[in-house]
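To start, the structure itself, in structure tokens.
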Amino acid sequence: AQSVTQLDSQVPVFEEAPVELRCNYSSSVSVYLFWYVQYPNQGLQLLLKYLSGSTLVKGINGFEAEFNKSQTSFHLRKPSVHISDTAEYFCAVSGDTNAGKSTFGDGTTLTVKP
Amino acid sequence: ETGVTQTPRHLVMGMTNKKSLKCEQHLGHNAMYWYKQSAKKPLELMFVYNFKEQTENNSVPSRFSPECPNSSHLFLHLHTLQPEDSALYLCASSRRGGGETQYFGPGTRLLVL
């Protein structure tokens with residue numbers, strides 16, 4: 011069984027400030043980890059994913075995430091946010107046996123204020 | 010046209026109506042999914058299809074009936090819905106296997122009156 015916990019339901023930040031969105035997971039098998047973003051009135055799109063190798067993963071729009079196996083975490087970070095980063099962010103986990111299916115967290119609403 | 014498309018984008022229906030949502034993917038994927046996204050609730054996986062066969066049904070009420078005639082098309086037939094079924098319905102597709110990215114359509118915003 012797999013599960014994902016996004017520790018913050020809402021994160022308000024000012025423009026050009028750094029941000030971290032936190033994600034913890036649990037799984038009994040090797041995992042693959044994802045961050046998706048959902049802009050208003052749109053579907054989800056992939057920001058970045060960790061499959062193997064380097065634990066620091068870089069994604070689109072200046073986001074990056076670090077896989078920490080000992081802490082079972084995959085936190086998303088950006089050093090300087092823009093108004094356009096305002097969106098809902100979802101952490102997800104999948105494993106080898108899930109045939110592509112992912113388990114999603116509840117989402118974190120990032121609001122960037124001017 | 011590329012990616013995952015969904016039609017209609019918006020739908021208003023009465024509780025006695027029958028309607029269908031359509032999803033089409035042009036990515037050559039062999040797994041397709043229906044999700045329900047309600048306000049202030051987590052993303053709910055409803056159905057999973059792999060190679061046209063349903064492999065998962067997450068205890069979805071029978072008033073939702075999926076159909077997958079081929080690997081590129083997925084339908085969700087709606088009948089006798091309730092107001093609490095109002096939500097954004099998202100379709101996604103992926104290659105089969107762990108670690109595969111899901112590609113989402115823009116969703117159908119459904120309002121049941």
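Top line first, the protein sequences correspond to chains C and P.
To convert, take the position in the first sequence, counting from 1, and add 10; that gives the working numbering.
To convert, take the position in the second sequence, counting from 1, and add 9; that gives the working numbering.
Glycine is no exception: its CB is placed at the ideal position from the N, C-alpha and C atoms.
Check                                                                                                                                                                     : Outcome
Along the segment 75-102 of chain C, what residues have a CB closer than 9 Å to any CB found in chain P?                                                                  : Phe100 and Ala102
Grab the span of the beta strand (DSSP E) containing serine 103 (chain P) for me, first residue to last.                                                                  : 96-103
Tell me whether tyrosine 44 (chain P) is buried or exposed, calling it buried when 16 or more other Cβ atoms sit within 10 Å of its Cβ.                                   : buried
With 16 as the cutoff for other CB atoms within 10 Å, does threonine 113 (chain C) come out buried or exposed?                                                            : buried
Using a Cβ-Cβ cutoff of less than 7 Å, which residues in the same chain neighbour valine 21 (chain P) once the five nearest sequence positions on both sides are dropped? : Leu120 and Leu122
Helix, strand or coil for proline 92 (chain P) per DSSP?                                                                                                                  : helix
For a test of the three-state rule: what should DSSP assign to asparagine 71 (chain C), helix, strand or coil?                                                            : helix
Strictly by DSSP, which residues pair up with arginine 87 (chain C)?                                                                                                      : C:Glu30 and C:Glu74
Per DSSP, what are the beta-bridge partners of glutamate 65 (chain P) in this structure?                                                                                  : P:Val57
From which residue to which residue does the beta strand (DSSP E) around glycine 105 (chain C) run?                                                                       : 97-105
Tell me which same chain residues have a C-beta within less than 8 Å of the C-beta of arginine 18 (chain P), skipping the five on either side of it?                      : Pro115, Gly116, Thr117 and Arg118
Decide if glutamine 63 (chain P) is buried, meaning its Cβ has at least 16 other Cβ atoms within 10 Å, or exposed.                                                        : exposed
So with Cβ pairs under 9 Å, would you call lysine 54 (chain C) a contact of chain P?                                                                                      : In the sequence on display, residue 54 (chain C) carries leucine and not lysine. So, interface residue.
Rounded to whole angstroms, what's the CA-CA distance from glycine 23 (chain P) to glycine 53 (chain C)? Just pull it up for me.                                          : 25 Å
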